[in-house]
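First comes the structure, then the notes that go with it.
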Amino acid sequence: MPSIIFTQTLPNQLLVTNVVSVGTDPTPLSSRSLPCRVCTILAAESNTTEVRVMSDPNSPLESGFPLKPGAAITLTINDLKKVWLRSSAAGQKVYFLAEA
Numbered sequence: 001m002p003s004i005i006f007t008q009t010l011p012n013q014l015l016v017t018n019v020v021s022v023g024t025d026p027t028p029l030s031s032r033s034l035p036c037r038v039c040t041i042l043a044a045e046s047n048t049t050e051v052r053v054m055s056d057p058n059s060p061l062e063s064g065f066p067l068k069p070g071a072a073i074t075l076t077i078n079d080l081k082k083v084w085l086r087s088s089a090a091g092q093k094v095y096f097l098a099e100a
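Numbering (the working numbering), first residue to last: 1 to 100.
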């Protein structure tokens with residue numbers, strides 16, 4: 001039996017990608033306001049420790065959502081600048097893909 005492939009026509013959308021360096025200080029996912037609908041964040045497999053995803057840069061490190069190396073999370077959010085990243089070690093990185 002042949003496979004059935006479903007496709008969906010999407011309106012003109014803009015996909016935004018970037019790599020963000022993360023260390024011990026809170027770092028915004030985007031340094032400027034960047035409206036979006038949905039965003040996937042992927043922790044680099046080469047990271048040596050977790051990267052924490054937070055909504056408040058003043059939150060303690062332990063309160064953030066942990067992303068282990070190679071793990072990803074998808075967020076429904078309206079602005080990438082509202083997402084903050086932090087780690088217990090310098091030199092970590094995340095990749096993101098957002099639908100703007």
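All C-beta atoms, glycine included, are put in the ideal place defined by N, C-alpha and C. Remember, it's a predicted structure, so these values are computed and weren't measured experimentally.
DSSP three-state assignment for residue i, whether helix, strand or coil
| i | result |
| --- | --- |
| residue 80 | helix |
| residue 98 | strand |
| residue 35 | strand |
| residue 28 | strand |
| residue 15 | strand |
C-beta atoms of residue i and residue j nearer than 8 Å
| i | j | result |
| --- | --- | --- |
| residue 39 | residue 98 | yes |
| residue 61 | residue 20 | no |
Alpha carbon of residue i to alpha carbon of residue j, nearest angstrom
| i | j | result |
| --- | --- | --- |
| residue 46 | residue 69 | 7 Å |
| residue 14 | residue 31 | 18 Å |
| residue 42 | residue 58 | 22 Å |
| residue 71 | residue 96 | 12 Å |
| residue 82 | residue 29 | 8 Å |
| residue 100 | residue 18 | 13 Å |
| residue 65 | residue 94 | 14 Å |
| residue 52 | residue 44 | 13 Å |
Q.
Runs of 3 residues minimum, wholly inside the segment 41-93: which ones carry the beta strand (DSSP E) assignment?
A. 51-54, 65-67, 72-76, 84-87
Q. Taking one C-beta from the segment 69-79 and one from the segment 18-25 each time, how about it: are there three or more such pairs within less than 8 Å?
A. no
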